[in-house]
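Protein chains in written order, with my numbering: chain A, 11 to 306; chain B, 75 to 247.
Worksheet: the structure to be examined is printed underneath.
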């Protein structure tokens with residue numbers, strides 16, 4: 011099967027380890043992936059807030075690129091996925107807007123492009139059985155909660171992925187890796203998203219509650235599929251104990267024993283290595299001694 | 075067409091008058107505690123044409139776009155889309171944003187897009203720090219933390235999309 015990848019801006023910046031681990035996992039599972047060339051930003055939450063037309067036109071350009079590249083479009087970032095699916099829905103169902111956006115972007119919309127989150131591609135196309143067969147280091151003892159956030163699931167008639175109230179896909183994947191996924195009621199609550207800079211107080215409150223509830227559920231870490239959720243979770247937790255937030259792809263890479271995994275952990279704002287080493291999932295390398303205590 | 079309700083309906087394409095005020099949107103809204111009215115009352119104000127308090131409220135800028143309201147509305151009103159329409163009308167009519175930093179964030183984001191075709195966090199964060207009302211030293215530690223981890227690259231990657239994006243933005247005006 012043919013796939014193309016739209017990484018989006020975050021996977022090259024604040025969600026760096028999501029981009030690295032996604033590519034590593036897809037390569038390990040022998041997916042043939044072409045990254046879209048000359049892709050642009052989907053407009054995130056800002057384009058549609060200030061201009062209805064721009065909020066459709068920016069993702070439409072990405073859809074145009076994917077149409078000519080061919081194959082299913084894999085979108086790891088939850089926010090990009092939501093914007094692309096939303097624009098695709100409007101282009102498909104609203105003729106007047108389709109005509110306007112087509113002339114604005116300069117392309118002809120064709121129905122049938124499949125826009126899919128990375129979670130769906132791994133779960134549906136690769137399958138749990140084959141993933142289980144790939145596990146070299148079972149993540150036994152790692153107690154986590156699966157945190158989806160908003161944009162992978164809502165609005166359900168547009169995203170058409172998993173159960174919007176009781177999503178199952180991520181928990182099933184993580185369970186296949188041997189992790190102990192704790193049940194909790196906050197999997198689809200909002201982290202505060204783009205308010206993080208302008209109203210850090212709101213985001214701190216929302217993230218604080220998520221971390222508290224995750225702790226209550228018995229988890230030692232959260233697992234996300236959204237770069238904005240991840241950075242908010244790690245940047246805006248104020249109370250101890252601070253729970254690290256993994257991308258699900260990082261845990262896949264860890265369980266598959268990919269050597270690159272070690273380079274992902276230092277990129278976290280909340281270091282997950284103490285947790286991983288307490289479970290024997292991370293070997294602490296010998297510290298390099300630049301200065302000897304008796305040097306002076 | 076001067077009626078505010080009609081304008082919002084035209085932009086958002088939502089069946090706003092079907093709202094029977096069950097309060098599900100307000101009950102599930104994650105940012106309602108920071109709002110003045112809450113989503114349900116905003117719809118009522120819209121029906122009553124209370125244009126000034128509605129368009130100058132901070133509420134329309136605080137919506138995080140999480141779609142909890144849209145998913146739960148028994149009448150299938152996508153309130154997040156209504157909020158987008160209200161913001162756009164408020165700006166077009168020259169109302170000062172009730173949450174100026176939220177508007178500043180969106181404007182800077184789009185400005186950066188028009189230059190690079192993609193987001194550029196370092197430029198974005200730097201400009202926001204200088205221009206917003208948020209105290210300058212807030213989040214500096216986290217910013218440095220992100221930078222040291224290679225997560226806010228300074229030198230932008232050439233994408234080949236910038237010219238297209240600029241053109242799209244000019245045509246969208």
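C-beta atoms are modelled at their ideal positions from N, C-alpha and C, and glycine is treated no differently.
Scan the segment 234-267 of chain A for residues whose Cβ lies nearer than 7 Å to a Cβ of chain B and list them as they occur along the chain.
-> 245
Nearest to residue 238(B) by CA position, among 194(B), 188(B) and 140(B), is which residue?
-> If we check each option's Cα against that of residue 238(B), 188(B) comes out closest.
With distances taken between CB atoms, is the gap from residue 256(A) to residue 229(A) smaller than 8 Å?
-> no
Quick one: list the residues of chain B neighbouring residue 200(A), beta-carbon separation under 7 Å, in chain order.
-> 104, 138, 140 and 142
Residue 83(A) in three-state terms, based on DSSP = strand
Other residues of its chain near residue 275(A): CB distance less than 6 Å, five sequence neighbours each side excluded = Only 282 and 283 meet the Cβ criterion.
Count the CB pairs spanning the segment 158-175 of chain A and the segment 81-89 of chain A that are closer than 8 Å, and state whether there are at least three.
-> Yes: at least three Cβ pairs fall under 8 Å.
In three-state terms, what does DSSP make of residue 276(A)?
-> Of the three classes helix, strand and coil, the one that applies to residue 276(A) here is helix, per DSSP.
So the beta strand (DSSP E) residue 126(A) belongs to, where does it begin and stop?
-> 125-127
Going by the beta-carbon positions, is the gap between residue 225(B) and residue 234(A) smaller than 8 Å?
-> no
Check whether the Cβ of residue 227(B) lies closer than 8 Å to any Cβ atom in chain A.
-> With 8 Å as the cut-off, residue 227(B) counts as an interface residue toward chain A.
Based on the DSSP output, what are the partners of residue 153(A) in its beta bridges?
-> 190(A)
Length of the line joining the Cα atoms of residue 172(B) and residue 126(B) | 11 Å
What did DSSP end up calling residue 45(A) once you bin it into helix, strand or coil?
-> strand
Hey, how far is the Cα of residue 22(A) from the Cα of residue 122(B)?
-> 46 Å
Taking Cβ-Cβ distances shorter than 7 Å, what residues in chain A pair up with residue 183(B)?
-> 54 and 56
Which one of 146(A), 173(A) and 288(A) has the shortest CA to CA distance from residue 262(A)?
-> 146(A)
Please list the residues of the segment 55-85 of chain A that have a C-beta atom closer than 7 Å to any C-beta atom in chain B, keeping them in chain order.
-> 55, 56, 57, 58, 59, 60, 61, 62, 63, 64, 67, 68 and 71
Measuring only between beta-carbons, confirm whether residue 273(A) sits less than 8 Å from chain B.
-> no
Element boundaries [alpha helix (DSSP H), containing residue 217(A)] | 210-226
Which of helix, strand or coil DSSP assigns to residue 307(A) | The shown model of chain A, from 11 to 306, leaves out residue 307(A), and the question about it has no answer.
Which same chain residues, not among the five before or five after residue 131(B), have their C-beta less than 7 Å away from its C-beta?
-> 110, 111 and 172
With 8 Å set as the bound, which would you pick, yes or no: does the beta-carbon of residue 155(A) sit closer than that to a beta-carbon of chain B?
-> no
Taking only beta-carbon atoms, is residue 164(A) less than 8 Å away from chain B?
-> yes
Determine, using beta-carbon pairs with one atom in the segment 46-65 of chain A and one in the segment 190-202 of chain A, whether at least three such pairs fall under 8 Å.
-> no
Distance, Cα to Cα, residue 136(B) vs residue 247(B)?
-> Taking the straight line joining both Cα atoms gives about 24 Å.
When you compare only the Cα positions, how much space is there between residue 168(A) and residue 96(A)?
-> 6 Å
Which parts of the segment 77-104 of chain B are runs of the alpha helix (DSSP H), unbroken and 4 residues or longer, counting only runs that do not cross its ends?
-> 78-86 and 98-102
Beta-carbon proximity list for residue 158(A), same chain, < 6 Å, skipping 5 on both sides | 177, 197 and 198
What's the C-alpha gap between residue 101(A) and residue 136(A)?
-> 30 Å
Measure from the C-beta of residue 115(A) to each C-beta in chain B and report whether the shortest distance is under 8 Å.
-> With 8 Å as the cut-off, residue 115(A) counts as an interface residue toward chain B.
Candidates 118(B), 235(B) and 197(B): closest to residue 93(B) by CA position | Across the set 118(B), 235(B) and 197(B), the C-alpha of 118(B) shows the shortest separation from the C-alpha of residue 93(B).
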